[in-house]
Amino acid sequence: MSGTERILLDEAAISAAVKRVGAQISADYAARAKPPVIIGVLKGSFVFLADLIRTLTVPCEIDFLTAKSYGQNSHSSGVVQIVKDIDADITGRDVIITEDILESANTLRSVCEILRSRSPASLKVCVFLDKNVKREAPFEADYKCFDIGDEFVVGYGLDYAEKYRYLPYLAAIAAE
Ligand code: PRP
Numbered sequence: 000m001s002g003t004e005r006i007l008l009d010e011a012a013i014s015a016a017v018k019r020v021g022a023q024i025s026a027d028y029a030a031r032a033k034p035p036v037i038i039g040v041l042k043g044s045f046v047f048l049a050d051l052i053r054t055l056t057v058p059c060e061i062d063f064l065t066a067k068s069y070g071q072n073s074h075s076s077g078v079v080q081i082v083k084d085i086d087a088d089i090t091g092r093d094v095i096i097t098e099d100i101l102e103s104a105n106t107l108r109s110v111c112e113i114l115r116s117r118s119p120a121s122l123k124v125c126v127f128l129d130k131n132v133k134r135e136a137p138f139e140a141d142y143k144c145f146d147i148g149d150e151f152v153v154g155y156g157l158d159y160a161e162k163y164r165y166l167p168y169l170a171a172i173a174a175e
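Numbering follows numbering that gives the first Met the number 0, in which position 65 of the sequence shown is assigned residue number 64; successive positions increment by one, without gaps.
(1) List, from N- to C-terminal side, the alpha helix (DSSP H) runs of 4 residues or more that fit wholly inside the stretch 22-53.
(2) Answer with buried or exposed for Arg-177, where buried requires no fewer than 16 other C-beta atoms within 10 angstroms of its C-beta.
(3) Can you grab the Cα-Cα spacing for the pair Ile-95 / Ala-173, in whole Å?
(4) Compute the minimum distance between the beta carbon of Ile-100 and the heavy atoms of the ligand PRP, and state whether it is under 7 Å.
(5) Looking only at C-alpha atoms, which of Ala-170, Val-40, Tyr-159 and Cys-144 sits nearest to Val-20?
(6) Taking 8 Å as the threshold, find out whether the stretch 36-46 comes into contact with the stretch 150-162 through three or more Cβ pairs.
(7) Which residue comes first and which comes last in the beta strand (DSSP E) that contains Arg-5?
(8) Are there three or more Cβ pairs, one per stretch, closer than 8 Å when the stretch 28-40 is compared with the stretch 50-64?
(9) Under the criterion of a Cβ to heavy atom distance below 7 Å, does Gly-154 qualify as lining the ligand PRP?
(10) Looking only at its own chain, which residues have a Cβ that is under 8 Å from the Cβ of Phe-138, when we skip the five neighbours before and after it?
(11) By the three-class DSSP mapping on this structure, what secondary structure does Ser-14 have?
(12) Going straight from the alpha carbon of Asp-9 to that of Ala-16, what length do you get?
(13) Out of Ser-116, Ile-13 and Ile-81, state which residue places its alpha-carbon closest to the alpha-carbon of Val-46.
(14) Taking the alpha-carbon positions, what's the Leu-112 to Asp-93 distance?
(15) For Ser-118 versus Gly-91, is the C-beta distance shorter than 8 Å?
(16) Answer yes or no: do Ile-89 and Leu-55 have a C-beta to C-beta separation smaller than 8 Å?
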């Protein structure tokens, strides 16, 4: 990376937080008739989801979707549609949606609405990061690893122009 980045969360801090959330989910979903379906919203969630599921002590199923924003330039103001859908039939299933970051919450609000229309038994939201600085309406994740401030962050699945997703830590980058 360039000299404009600052590490915010190192691998040890991330691992501890992911284990904490994994333990919460394991406790909440123990003794269910069917394993929860854990849905990753691509692309950003894939690293978090991969680490999270390996901390669970309950079985789970995995699926992915891709949501895209339309209408305006920023994902925080556009209309969100699912452009790659899940394969699973989630009717009557416990569903946990995972995201790398919750910002305006437009993405998760829309994805939840779409998935709720398919009659899951339950629907929860699990995020790695919660950046609650420009939320237009209240939206709370059921599980989260960290709150962060108003910084542009990369690594651990998060990108800047498709770069940096592979970094095992989370860093803040300054505009160049
Ligand atoms: C990011 C992130 C969430 C969304 C959060 O996705 O992964 O999906 O933005 O923002 P919101 O709460 O304001 O809707 P992005 O569009 O950058 O795509 P990516 O996951 O492929 O990086």
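A virtual CB, placed ideally from N, CA and C, is assigned to each residue, including glycine.
According to the structure shown:
(1) If we require 4 residues or more, the alpha helix (DSSP H) runs fully inside the stretch 22-53 come out as 45-52.
(2) Here the chain comprises residues numbered 0 to 175, so residue 177 is not present and cannot be evaluated.
(3) Straight-line spacing of the CA atoms in Ile-95 and Ala-173 works out to 33 Å.
(4) yes
(5) Minimum Cα distance to Val-20 is reached at Cys-144.
(6) The stretch 36-46, when compared against the stretch 150-162, does touch it at the 8 Å Cβ threshold.
(7) Counting along the chain, the beta strand (DSSP E) containing Arg-5 begins and ends at 4-8.
(8) These segments touch.
(9) no
(10) Leu-101, Ala-104, Leu-107 and Arg-108
(11) helix
(12) 11 Å
(13) Ile-13
(14) A small fix is needed here, since residue 112 is Glu in this sequence, not Leu. For Glu-112 and Asp-93, the distance between alpha carbons rounds to 15 Å.
(15) yes
(16) No, they are not a contact pair.
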